[in-house]
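Plus 428 on top of the position in the sequence shown (first one is 1) and you've got our numbering.
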Amino acid sequence: MKTINELTEAQFKELLDDYFAPPEQRQKMTEEEIRELAIRLNDKVDVPLVWETAEEKILIKVVLKVDTFLYDNLPNEIYDLVRSLDKGITESEASRLINRLSVLANKKIEIPYIPEAAEYIAIRFVIGVIINAARKEWNFEMAKDAPESELITA
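Here is the structure:
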């Protein structure tokens, strides 16, 4: 891995382009990952006053909000660890990140159509799965499918 002094001009420009990406490109999750996480979230959160199909669409938007929040508040070099088995963060780092990011996200993300308690559960769940996926020897597929007993939650 190159140090800052060893980055080429093109690599530095790519770093800046990634950091200043327009809103429609400020996400890291794939469409499939977003859908899968929304399905898991549906088991945890009930959106009042809507039928099941609408609830699923709303939860996709919740996952997208959290994904965009993480893109803006978590260095992409850490966020990209969700696709790596050999590199990653420790369990204690994961716990600290889940706690700090969940509190910050709950302050910044407002989901007015979900009660506040459910909003926090939804935000923390999505962040928890993503940060667990960034752990050493973990990836998104493992974190998404893991029973809650295997996930670091705090």
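Virtual Cβ for every residue (Gly too), placed ideally from N, Cα, C.
Treat the numbers as computed from the prediction; the structure is a model and nothing was measured.
In the three-state reduction of the DSSP assignment, residue 463 falls in the helix class.
With fewer than 16 neighbouring CB atoms inside 10 Å of its own CB, residue 432 falls in the exposed class. If you check the CB distance, residue 507 and residue 449 do not come in under 9 Å. By the 16-neighbour rule on beta-carbons within 10 angstroms, residue 455 is buried. Residue 482 places its beta carbon less than 9 Å from that of residue 475. For the pair residue 495 and residue 453, the Cα-to-Cα distance works out to about 11 Å. Nearest Cα to residue 497 within the set 565, 553, 529, 564: 529.
When the alpha-carbon of residue 549 is set against those of 527, 522, 567, 561, the nearest one is in 527.
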